[in-house]
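S.K.: Pasting a structure here, questions to come.
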Amino acid sequence: MTIASRCKGILVLAGIAICMPMFAQVAKTSIPDSRLLSEHWTAYWITHPNSSGVEYGVYHFRKDLMMETVPETFVVNISADNRYKFFVNGTEVCFGPARGDLAHWYYETIDIAPFLKTGNNVLAAVVWNFSVHRPWAQFSLRTAFVLQGNTVAEENANTNNTWKVIRNEAYQPITDFTHLQTFIVVGPGERVNAGKYPWGWNQPGFDTRNWLQAKQIVNPKPRGIGTDIDWVMAARDIPLMENKLERLKSVRRVEGLRDDLSGILAGKPKIIPARSKVTILLDNGHLTKGYPVLNLSGGAGSKITITYAEALYALDDNHPDPNRRKSNRNRIEGMEMRGTYDVFIPDGAPNRVFSPLWYRTYRYVELKIETGSRPLTINDIYGIFSAYPFETQARFSAIDPLYEQIWEVGWRTARLCAHETYYDCPFYEQLQYVGDTRIQALVSLYVSGDDRLMRKSLRMFDASRIYEGITHSRYPSYSPQFIPPYSLVWINMIHDYYMHRQDEDFIRGFYTGVMNVIQWYLQYINPETGMLGAVPFWNFVDWADEWPWDNNQRIGGVPAGNRDGNSSILTLQLAYTLNEAASLMEFYDDKLRASEYRKRAEQLNQAVLSHAWSSSHGLIADTPGKTIFSQHANIMGILSGALQGNQAKEVMRKILEDKSLIQSTMYFRFYLFLGMIESGFGNEITQQLDQWKDMLDLGLTTFAEKPEPTRSDCHAWSASPLYFFLSSVAGVVPAQPGFKTVRIEPRPGELKTFQAEIPHPSGTIRVTGDNMGENNPIFRIGLPEGLNGRFYWQGKEYGIIPGYNEIRP
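Numbering (the numbering used here), first residue to last: -7 to 801.
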């Protein structure tokens, strides 16, 4: 069987056949065999014999494996520290490991039989350790690689001293991104010298006489020997990433050459003359993330710098805030490139391919080419999009095209912020923060129905809890950070999962964690006021303009009352979470603690109303001083139950109308919309999309971290409208824990018609509304087998059953 017939797809690019691996077909994360228990493994972790294991390095491992016949299956378990890409006979089969921590070090289980052949086979892996330059999300112990056959018959592939290894001297890290003037922790760029690269290292027939025998690490087994455990192995619990070809859209600007270079985007070679300096600005048309691939020939003595950016910047170096130098994202006139970058040094040979080890995020790609005494041929440039393989199962459409635009851009935002964990942003941090992740998880559930990444995130945050009780604010991350409100959001996430999935054993696993977080908080209640006192660490709430960073003396995003205590916002957020924790305690059959939590929530609510309610304003102030007022405090007052009934309605009306209040930005508008639904203003959510519309008008193709000026052009929490289109406009939410029954209460606002589909564990929920706003609205509802519910419209209630339902109120 040829490689072409074994691959999911063959792409011919610049005359080179590129095999797109059959990730979906070969990935198996739970194969019924006891060998999957890593304490039974007989393979050794291996490394380079001359490496300390902690320095920067890129290493190639390889083993020749003879096959008299090709077996039907050949399953192996693979992992590495930090990262690896695994090849069989030159074809990339998988990459990993999925990110975790040292106590949860993941391995991939792969059936490589489709890539094997009779005779000699080459198993090969590139393993890299970015050392101190590694992404903050990447834990590491030391450079190592392990492969374990899944049965005795497959153990001849095991890693041990029969494997060979070589260090790739072509790589050097690029670590200085200070020109971006911002926090960026995604790892280094790569400087690759083609003259030092062992081209063909993973192909059959490659000469390995200069390679070294791999070193077996002491404490060889994956779970260690005796009392020592280095990496605690865990089976991968998410699917392999989606990888697909993505062509850049246009050449926007060329400097130093008058020729038309647009053909390179379609794989048509173009020669760059010797002794030239040429700059080419490429536009992908929308923000993306993945592996840029550059195919070159010739050009010995040349240097190519490949720079990646979300947006261009105005040519005004005098402005202290680079974010204020952004403009319409489609504009290039008077704009310059600033971003992360890689450097490739050709050796003059044909069809040299550069692609970074780790993916890049970009809308714009700039090639800055300096040729020497030889011309350089650009054969091709393209990208391999890489992301968590969410599949769209939901749909929302309305006559107004704004909703389709928000849907498209919002889902792209969510996809770019999901990989082996959820991300806050793909360009700057690639860190999984609880505050972002709650919103991302709900978007994932409603749009794709896939809960696996949500489950992993809940477990990872649980694993991050420190001895005091709270979770890390972001995890995995080797740099600890604590945002106590995010520990509360983690409990909200557990409650979200509890409402949407029937998974009792999984939910019960968080019982201790929920209690520990709550107990940590209760110790900080001020006995004099009954409000939450001064709480340590970073008590981030939102990126409101009134809560800025101040020369490192003041941490941004923190409301008044944080330092000395008695913040209404933080107190009410605790009360809101206590009520949801109480529901979980009832599920855990801990009725006494549930009652205690509800009582505590009521006490906190009353303390805020006693000390911070302003009768003259008809609002909750941010502190007992009653001089600062925000949307945030009053939103949390509604969600916590401190404000109810007509009082909640009156307050929400002021929240929406009074522009003197500190305004919520993209993140906290998620809670604004929840508060609007709770207080009976759900029909006005469609009138609160101005911040998203402004971004579309600015040419953004993903939704940003906050309104302009913004650092990140792609931030996961800003995809929240997709959740509300389905849960509020279409009105589909669980009526009981586990989504055992459904409640459908459309809140279409000014829309006269809409169509929606939402995935449910039992099937698809379909809701169509027509003639809304008139005297004869029609609703058509389809429920999957086994799902019943209730439909609500303008105070009337109707029963709905599996199958087709038509309601004419």
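Cβ coordinates follow ideal geometry from the N, Cα and C atoms, glycine included.
No experiment lies behind these values; they were computed from the predicted model shown.
State whether the segment 123 to 134 contacts the segment 64 to 83, with contact taken as three or more CB pairs (one from each stretch) at a distance under 8 Å.
M.R.: yes
S.K.: Distance check for PHE474 and ASN833, CA to CA, integer angstroms please.
M.R.: Residue 833 is absent from the model: the chain starts at -7 and stops at 801.
S.K.: Can you tell me the Cα-Cα spacing of GLY88 and ARG126, whole angstroms?
M.R.: 15 Å
S.K.: Is it true that the CB of GLY610 sits closer than 8 Å to the CB of LYS641?
M.R.: no
S.K.: Considering only the beta carbon of each residue, do VAL285 and ILE376 sit closer than 8 Å?
M.R.: yes
S.K.: Do you know offhand how far LEU666's Cα is from THR733's?
M.R.: 20 Å
S.K.: What's the call for VAL481, buried or exposed, on a 16-neighbour Cβ count within 10 Å?
M.R.: buried
S.K.: GLU649: which of GLY637, GLU676, GLN173 sits nearest, CA to CA?
M.R.: Among GLY637, GLU676, GLN173, the Cα nearest to that of GLU649 belongs to GLU676.
S.K.: For TRP33, which of VAL68, HIS52, ILE370, GLY331 has the nearest alpha-carbon?
M.R.: VAL68
S.K.: Within the same chain, show all residues whose beta-carbon is closer than 7 Å to that of GLN208, passing over the 5 residues directly before and after it, in chain order.
M.R.: TYR36, ILE38, ASN152, ASN153
S.K.: Does the segment 175 to 193 come close enough to the segment 406 to 421 to have 3 or more Cβ pairs within less than 8 Å?
M.R.: yes
S.K.: Less than 8 Å between the beta carbons of PRO729 and TYR503, yes or no?
M.R.: no
S.K.: Would VAL157 be called buried (16 or more neighbouring beta carbons within 10 Å of its own) or exposed?
M.R.: buried
S.K.: With DSSP as the reference, please indicate the residues paired to PRO726 in a beta bridge.
M.R.: VAL734
S.K.: Please determine, among TYR663, THR297, ARG54, the residue with the shortest C-alpha to C-alpha distance to ALA625.
M.R.: TYR663
S.K.: For PRO751, which residues does DSSP report across the bridge?
M.R.: THR756
S.K.: Helix or strand or just coil, what does DSSP make of TYR300?
M.R.: strand
S.K.: For the segment 284 to 340, list the alpha helix (DSSP H) runs that are entirely contained and at least 4 residues long, ordered along the chain.
M.R.: none
S.K.: Identify every residue that forms a DSSP beta bridge with TRP605.
M.R.: ILE612
S.K.: Reducing DSSP to helix, strand and coil, say where TRP684 ends up.
M.R.: helix
S.K.: Check whether the Cβ atoms of TYR354 and ASN276 lie closer than 8 Å to each other.
M.R.: yes
S.K.: Residues in the same chain with beta-carbon distance under 7 Å from GLY461, minus the five sequence neighbours each way, listed in chain order, please.
M.R.: Closer than 7 Å at Cβ, skipping near neighbours: ASN508, VAL509, GLN511, TRP512.
S.K.: Taking THR657 and ALA536 to be in contact with their CB atoms under 8 Å, please state how far apart those CB atoms are, rounded to whole angstroms.
M.R.: In this structure THR657 touches ALA536 by the C-beta definition: roughly 6 Å separates them, less than 8 Å.
S.K.: For TRP97, which residues does DSSP report across the bridge?
M.R.: MET225
S.K.: Buried or exposed: which applies to TRP155, given that a residue is buried once 16 or more other Cβ atoms fall within 10 Å of its Cβ?
M.R.: buried
S.K.: Return the bridge partner residues of ASN780 from the DSSP annotation.
M.R.: Within the DSSP secondary-structure output, ASN780 pairs in a beta bridge with THR733.
S.K.: Give a yes or no on whether the C-beta atoms belonging to GLN244 and LEU273 are separated by under 8 Å.
M.R.: For the sequence presented, residue 244 should be read as Arg rather than Gln. A contact, by the Cβ cut-off of 8 Å.
S.K.: If you reduce the DSSP assignment to three classes, tell me which class GLN679 lands in.
M.R.: helix
S.K.: Measuring alpha carbon to alpha carbon, tell me which of VAL533, ARG344, LYS448, TYR438 ends up nearest GLY192.
M.R.: ARG344
S.K.: What are the complete beta strand (DSSP E) segments, minimum 3 residues, inside the segment 24 to 111?
M.R.: 49 to 59, 67 to 73, 75 to 80, 83 to 88, 97 to 103
S.K.: Contact check, ARG592 vs LEU514 under 8 Å by CB: the rounded distance?
M.R.: 7 Å
S.K.: Can you list, in chain order, the residues of its chain whose CB lies under 7 Å from that of ILE324, leaving out five sequence neighbours each side?
M.R.: For ILE324, where only same-chain residues beyond five positions count, the Cβ hits under 7 Å are ARG244, ARG245, LEU273, LEU304.
S.K.: Just to check my reading of the structure: TYR333 and TYR283 have Cβ atoms closer than 8 Å, yes? What is that Cβ distance to the nearest angstrom?
M.R.: At roughly 15 Å, the Cβ-Cβ gap does not stay under 8 Å, so TYR333 and TYR283 are not in contact.
S.K.: Identify every residue that forms a DSSP beta bridge with SER359.
M.R.: Correcting the residue type first, residue 359 is Leu in the shown sequence and not Ser. According to DSSP, which records beta bridges pairwise, LEU359 is partnered with ILE272, ILE298.
S.K.: If you count every other CB in all the chains shown that lies within 10 Å of the CB of GLN655, and 16 or more means buried, which is it?
M.R.: buried
S.K.: Per the DSSP calculation, GLY791 is bridged to which residue(s)?
M.R.: ARG782
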